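Asker:
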Amino acid sequence: ASWNISAVNNNPFEFWVSTADSAYNKLMYDVEDYMDNPKSNQPIHSIFSDAMFDELCWQLTEQDVLNVDSLRQAWRTDYRCRPCFTRFIRDKALGEKRLISMP
């Protein structure tokens, strides 16, 4: 399972709704603040482990997805060590591909 925060779906962090619910508004402001000022910017592999990535690749292979070897190479040489916020979630090139993006 995954959470594509750039997809059009029921993701509450993608659509900010006007409401009088103060708890909802606080949550949304807090998430926005955290994304703008992360207290931690650890590498992706500390959140999405190599074991999790291997499981993902296995699942993709089971579904006959092509180019899993290229994905493994990109993971090893680029993505796994990227800081999670500054060079992944906020990466404009990934956002342009609609893989993941933040405004």
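With my numbering applied, the sequence shown covers 25 to 127.
Cβ atoms here follow ideal geometry from the backbone N, Cα and C, with glycine treated the same way.
Bear in mind the structure is a predicted one, so any value in this text is a computation, not a measurement.
Within a Cβ cutoff of 6 Å, which residues of the same chain sit near Pro62, ignoring the five residues on either side of it in sequence?
Answerer: Phe109
Asker: For Pro67, which residues does DSSP report across the bridge?
Answerer: The bridge partners DSSP lists for Pro67 are Pro107.
Asker: Whole angstroms are fine: how far does the CA of Ala44 sit from the CA of Cys105?
Answerer: Going by the C-alpha atoms only, they are around 41 Å apart.
Asker: Starting from Ala75, trace the alpha helix (DSSP H) both ways and give me its first and last residue.
Answerer: Element bounds for Ala75: 74-86.
Asker: Along the chain, where does the alpha helix (DSSP H) that runs through Ala117 open and close?
Answerer: 116-120
Asker: Output the boundary residues of the alpha helix (DSSP H) element that contains Ala47.
Answerer: 46-60
Asker: Let's test the definition: count the other Cβ atoms within 10 Å of the Cβ of Ile71 and tell me whether it reaches 16, buried, or not, exposed.
Answerer: exposed
Asker: Can you give me the Cβ contacts of His69 inside the same chain, cut-off strictly under 7 Å, excluding the 5 residues immediately before and after it?
Answerer: If we look at His69 and ignore the five residues flanking it on each side, its Cβ neighbours are Arg104, Cys105.
Asker: Beta-carbon within less than 7 Å of Ser94's beta-carbon, same chain only, minus the 5 sequence neighbours each way: which residues are those?
Answerer: None.
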